[in-house]
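K.L.:
To start, I am sharing the structure in question, which I have written as structure tokens.
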Amino acid sequence: MSNKYIKLGITFLFGWIGIHKFIEKKNVLGIVYFFTMGLFGIGWIVDIINCINDLKEDTNNNSNKTIIEINDLDTEYTSNSSVNNKKSSSISNEVKENYRKAIFLYAESHVTKIKSPKDYVGYLNYECGITNPEIYHKQLISEGYYQKAKTTEILELFKVDELKDMLIKNNLSPKGKKSELIKQILENIPNVEIIKSDQEYYSLSDKGKQFLEIHKNYVELHRYKDYQITLEDYYTATKNDKYKRKFNDVAWQIFNERTLLYQKNQAYGDLRYNFFHMANLLMRENRKE
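Sequential numbering of the sequence shown, starting at 14, is according to my numbering.
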């Protein structure tokens with residue numbers, strides 16, 4: 014679509030069903046446009062404005078100014094690191110630590126054991142700044158966020174075939190569903206024979222579960238990092254709150270503020286993706302108004 018007049022025509026006539034996105038080989042976005050009528054018309058209109066803006070740039074000498082404005086906005090909003098962000102100087106160490114702890118507890122919320130650093134998920138390092146998750150894991154155990162896992166919880170980690178083998182070796186019937194196999198093992202096989210690993214297994218304690226519940230918005234911030242909302246953005250939007258808002262409400266406030274900023278700076282590319290995130294949030298809530 015090198016001819017910008019053709020691009021504008023196709024976008025104007027068929028943009029509401031995403032044809033221009035398929036031509037640009039942005040198939041996923043094209044499918045989203047198709048089923049949402051061009052992001053409920055918002056994405057379609059923004060794309061038309063974007064095409065017109067591209068034509069204007071070809072007829073005047075103002076492209077450098079536009080590029081500078083967009084680049085300035087990109088540096089402010091495109092960082093995916095919620096903790097190790099250069100502009101996070103206003104965030105207290107307590108807030109950063111609470112974020113790290115919440116994300117670690119979320120990542121290791123299942124029955125787990127101490128592992129070598131390379132076996133933990135990578136975002137604990139590059140997003141949370143936890144360079145040695147093994148030591149951090151031990152620290153949280155010592156602080157009471159984890160407790161020794163119950164035998165039942167550990168057996169849930171085993172595959173059905175492994176449970177059956179355990180029963181057969183002890184001359185017990187290997188028939189039944191997984192829950193029935195576990196019940197039979199608990200009633201007939203001593204714990205020392207069940208757990209062959211030298212390492213202890215751990216699960217979240219009540220303290221750990223409570224901490225996650227209190228800081229569940231941090232987990233949402235991590236899960237939806239594609240929204241490009243940093244910990245600094247979230248902290249700035251909520252620091253004066255008199256009551257705890259849901260993550261989606263905070264995100265919607267940030268999106269609205271960005272809409273005004275992008276419109277003011279004529280950063281239509283950023284505005285388009287901001288509308289896309291807003292539409293995505295509405296679809297997650299099953300809302301289309």
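Just so it is clear, CB atoms sit at the ideal spot from N, CA and C, and this is done for glycine as well.
Every value quoted in this text rests on a predicted model; they were computed, and no experiment measured them.
Tell whether a beta-carbon distance below 9 Å holds between THR125 and SER216.
P.N.:
To locate residue 125, count along the sequence shown from 1; it is residue 112. To locate residue 216, count along the sequence shown from 1; it is residue 203. Going by C-beta atoms, THR125 is nearer than 9 Å to SER216.
K.L.:
Short of 6 Å in beta carbon distance, which residues of its chain neighbour LYS78, apart from the five on each side in sequence? Order them along the chain.
P.N.:
Indexing the sequence shown from 1 puts residue 78 at position 65. Caution applies to LYS78, whose pLDDT of 40 falls short of 50 and renders its modelled position unreliable; the value that the coordinates give is listed next. Excluding positions up to five away in sequence, the list is empty.
K.L.:
Helix, strand or coil for THR272 per DSSP?
P.N.:
By one-based count along the sequence shown, residue 272 stands at place 259. Helix at THR272.
K.L.:
How big is the Cα-Cα spacing for GLY28 and TRP57?
P.N.:
The count along the sequence shown starts at 1 and reaches residue 28 at position 15. The count along the sequence shown starts at 1 and reaches residue 57 at position 44. Approximately 6 Å, taken between the alpha carbons.
K.L.:
What are the complete alpha helix (DSSP H) segments, minimum 4 residues, inside the stretch 102-136?
P.N.:
Listed in chain order, the complete alpha helix (DSSP H) runs (minimum 4 residues) inside the stretch 102-136 are 106-120.
K.L.:
With distances taken between CB atoms, is the gap from LEU294 to ASN261 smaller than 9 Å?
P.N.:
Within the sequence shown, residue 294 is the residue found at index 281, counting from 1. Within the sequence shown, residue 261 is the residue found at index 248, counting from 1. Closer than 9 Å, so yes.
K.L.:
Do GLY22 and PHE35 have their C-beta atoms closer together than 9 Å?
P.N.:
Counted from its first residue, the sequence shown places residue 22 at position 9. Counted from its first residue, the sequence shown places residue 35 at position 22. In this structure, PHE35 does not lie closer than 9 Å to GLY22 by Cβ.
K.L.:
Let me check one thing: in DSSP terms, what residues is TYR237 bridge-paired to?
P.N.:
Within the sequence shown, residue 237 is the residue found at index 224, counting from 1. According to DSSP, TYR237 bridges with nothing at all.
K.L.:
Would you call the stretch 245-253 in contact with the stretch 181-201, where contact means no fewer than 3 C-beta pairs closer than 8 Å?
P.N.:
Output reads no: the stretch 181-201 does not touch the stretch 245-253.
K.L.:
Are VAL45 and ALA280 closer than 9 Å when you measure CB to CB?
P.N.:
On the sequence shown, residue 45 is found 32 positions in, with the first residue counted as 1. On the sequence shown, residue 280 is found 267 positions in, with the first residue counted as 1. Taking 9 Å as the Cβ cut-off, VAL45 and ALA280 do not qualify as a contacting pair.
K.L.:
Could you check what DSSP says for THR185 in three-state terms: helix, strand or coil?
P.N.:
In the sequence shown, the residue the question calls residue 185 occupies position 172. The sequence given here places Leu at residue 185; Thr does not occur at that position. Looking at LEU185 - three-state DSSP - the assignment turns out to be coil, as it is neither helix nor strand.
K.L.:
Given a threshold of 16 other Cβ atoms within 10 Å of its Cβ, counted over all protein chains shown, does PHE48 qualify as buried or as exposed?
P.N.:
As a working mapping, residue 48 is identified with position 35 in the sequence shown. When all chains shown are included, PHE48 counts as exposed.
K.L.:
Mapping the DSSP letters down to three states, classify LYS255 as helix, strand or coil.
P.N.:
The residue you call residue 255 lines up with position 242 of the sequence shown. Three-state DSSP puts LYS255 in coil, outside helix and strand.
K.L.:
So, helix, strand or coil for GLN279, using DSSP?
P.N.:
As a working note, residue 279 is residue 266 in the sequence shown. DSSP places GLN279 in coil when its eight states are reduced to three.
K.L.:
Would you kindly work out how many angstroms separate the C-alpha atoms of PRO146 and LEU274, rounded to a whole number?
P.N.:
If you number the sequence shown from 1, residue 146 lands on position 133. If you number the sequence shown from 1, residue 274 lands on position 261. Distance between the alpha carbons of PRO146 and LEU274 is about 39 Å.
K.L.:
If we count the other Cβ atoms within 10 Å of its Cβ and call it buried at 16 or more, is ASN230 buried or exposed?
P.N.:
The sequence position of residue 230 within the sequence shown is 217, counting from 1. Counting Cβ neighbours within 10 Å, ASN230 comes out buried, since at least 16 surround it.
K.L.:
Output the distance between the C-alpha atoms of LYS26 and PHE53, rounded to the nearest integer angstrom.
P.N.:
Residue numbering aside, residue 26 sits at position 13 when the sequence shown is read from its first letter. Residue numbering aside, residue 53 sits at position 40 when the sequence shown is read from its first letter. A small fix is needed here, since residue 26 is Leu in this sequence, not Lys. Cα to Cα, LEU26 sits roughly 15 Å from PHE53.
K.L.:
Pick helix, strand or coil for HIS158, following the three-state DSSP scheme.
P.N.:
What you label residue 158 is simply residue 145 of the sequence shown in a count that begins at 1. Before going further, note that residue 158 is Tyr rather than His in the sequence given. TYR158 falls in the coil class under three-state DSSP.
K.L.:
How is TYR214 classed by DSSP in three states: helix, strand or coil?
P.N.:
Your numbering for residue 214 matches position 201 in the sequence shown. Three-state DSSP puts TYR214 in coil, outside helix and strand.
K.L.:
Three or more C-beta pairs closer than 8 Å, one from the stretch 138-145 and one from the stretch 153-167: is that the case here?
P.N.:
Output reads no: the stretch 153-167 does not touch the stretch 138-145.
K.L.:
Candidates GLU175, ALA264, ILE154: which alpha carbon is nearest TYR240's?
P.N.:
Along the sequence shown, one-based indexing puts residue 240 at 227. The option with the nearest alpha carbon to TYR240 is ALA264.
K.L.:
Span of the alpha helix (DSSP H) holding ILE198?
P.N.:
Working through the sequence shown from its first residue, we reach residue 198 at position 185. Segment 191-201, the alpha helix (DSSP H) holding ILE198.
K.L.:
Our contact map puts ALA115 next to VAL232 with C-beta atoms below 8 Å; I'd like the distance itself, whole angstroms only.
P.N.:
Taking the sequence shown and counting its residues from 1, the one referred to as residue 115 is at position 102. Taking the sequence shown and counting its residues from 1, the one referred to as residue 232 is at position 219. Right, their Cβ atoms sit about 6 Å apart.
K.L.:
In angstroms with no decimal places, state the Cα-to-Cα distance between GLN276 and LEU284.
P.N.:
Working through the sequence shown from its first residue, we reach residue 276 at position 263. Working through the sequence shown from its first residue, we reach residue 284 at position 271. One C-alpha to the other measures close to 7 Å.
K.L.:
Under a three-way DSSP split, which group does ILE143 fall into?
P.N.:
Here residue 143 corresponds to residue number 130 of the sequence shown, with the count starting at 1. DSSP places ILE143 in coil when its eight states are reduced to three.
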